[in-house]
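Right, one structure below, let's go through it.
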Amino acid sequence: MGRWEFGGVAALYVLVVVMAVMVVANRHHARQLFVEYQQLEKERDVLNASWSRLTLERSTRLNQVYVERRAKRELGMNKPSSDNIRIIRE
Numbered sequence: 007m008g009r010w011e012f013g014g015v016a017a018l019y020v021l022v023v024v025m026a027v028m029v030v031a032n033r034h035h036a037r038q039l040f041v042e043y044q045q046l047e048k049e050r051d052v053l054n055a056s057w058s059r060l061t062l063e064r065s066t067r068l069n070q071v072y073v074e075r076r077a078k079r080e081l082g083m084n085k086p087s088s089d090n091i092r093i094i095r096e
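Sequential numbering from 7 applies to the sequence shown in my numbering.
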């Protein structure tokens with residue numbers, strides 16, 4: 007085997023080793039990204055559940071019956087009688 011042939015084989019060997027290391031590093035990075043992706047999916051699911059609860063709570067709190075009951079119970083407010091209601095027209 008000549009000097010140039012040996013140099014070519016050595017260069018190919020080094021290239022194969024470098025490529026193998028790059029493949030291993032790439033797979034490791036892909037696994038890290040996949041783990042991060044799964045964590046973000048879990049966080050998204052938790053946030054969606056929280057959003058659903060908050061939406062339900064908001065609709066409950068905006069319900070007129072709920073507002074009237076809370077006004078009576080916590081603030082001592084009562085609905086005015088029809089004699090005390092005045093309609094103002096501009």
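Where is the CB? At the ideal position from N, CA and C, for every residue including glycine.
Since the model is a prediction, treat every value here as computed from it, not as a measurement.
Give the range of the alpha helix (DSSP H) segment to which residue i is assigned.
i          : result
residue 56 : 9–67
residue 80 : 70–81
What's the C-alpha gap between residue i and residue j?
i          : j          : result
residue 58 : residue 94 : 41 angstroms
residue 17 : residue 37 : 30 angstroms
residue 62 : residue 70 : 15 angstroms
residue 72 : residue 83 : 13 angstroms
residue 89 : residue 65 : 32 angstroms
residue 68 : residue 44 : 36 angstroms
residue 24 : residue 31 : 11 angstroms
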